[in-house]
Amino acid sequence: MPKSKEYLSTDDESSSEAEQVKPKKKQKREAEDKEEKASKKPKKETKESKEEADTIWDLGSNRQVSVRDFKGKLYVDIREMYYDKDATLKPGKKGICLNMTQWRKLLAVVEDVDQLVKSKC
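Residue numbers (my numbering): 2 to 122.
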């Protein structure tokens, strides 16, 4: 048996077995850990949502364009979004993430692509 657990016996006639009780310090520590975890989550989500709101543009039909910083590099992410069970909007599999070199190449050919599309319509 572990030394950290205490055993108390009850004087009840109905139960003759000893009850297992955690020490008070351990109970306090667990309660504090739960409070810290609960308090950290909302702060983190609100901070991220404020930062992301400035760099996200909606294209309609659950599609978004966002600019992200990942490992010190900037990326332009064009992605289809979906709603999960909790009704929060999350990125899906369908989409493309372009680094700055690829993004600049795309911008260089946008006018030519646009003219071709207009000529075929």
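Glycine is no exception: its CB is placed at the ideal position from the N, C-alpha and C atoms.
Since the structure is predicted, the reported quantities are computational estimates derived from the model, not experimental observations.
How many whole angstroms separate the CB atoms of P92 and R105, which I take to be in contact at a CB cut-off of 8 Å? In fact, because the Cβ distance is near 23 Å, the residues do not count as touching under 8 Å.
I'd like the span of the alpha helix (DSSP H) that includes S120, first residue to last. Taken as a continuous stretch (DSSP letters only), the alpha helix (DSSP H) holding S120 covers 101-121.
Compare the beta carbon distance of V66 and W58 with 7 Å and say whether it is the shorter of the two. Against a cut-off of 7 Å, the Cβ pair of W58 and V66 comes out as a contact.
Report yes if the C-beta distance between Y84 and L90 is below 7 Å; otherwise report no. Yes, Cβ-Cβ distance for Y84 and L90 is below 7 Å.
Could you check how far apart the C-beta atoms of L107 and L117 are, in whole angstroms? I think they sit under 8 Å. Rounded to the nearest angstrom, the Cβ distance from L107 to L117 is 15 Å, too far for a contact under 8 Å.
S67 - containing beta strand (DSSP E), residue span: That run of the beta strand (DSSP E) goes 64-71.
Spatial neighbours of N63 within its chain, please: CB distance less than 7 Å, with the 5 preceding and 5 following residues excluded, ordered by chain position. Once the five neighbours on either side are set aside, the close Cβ partners of N63 are E81, M82, Y83.
Residues in the same chain with beta-carbon distance under 6 Å from D78, minus the five sequence neighbours each way, listed in chain order, please. The residues are S67, R69, C98.
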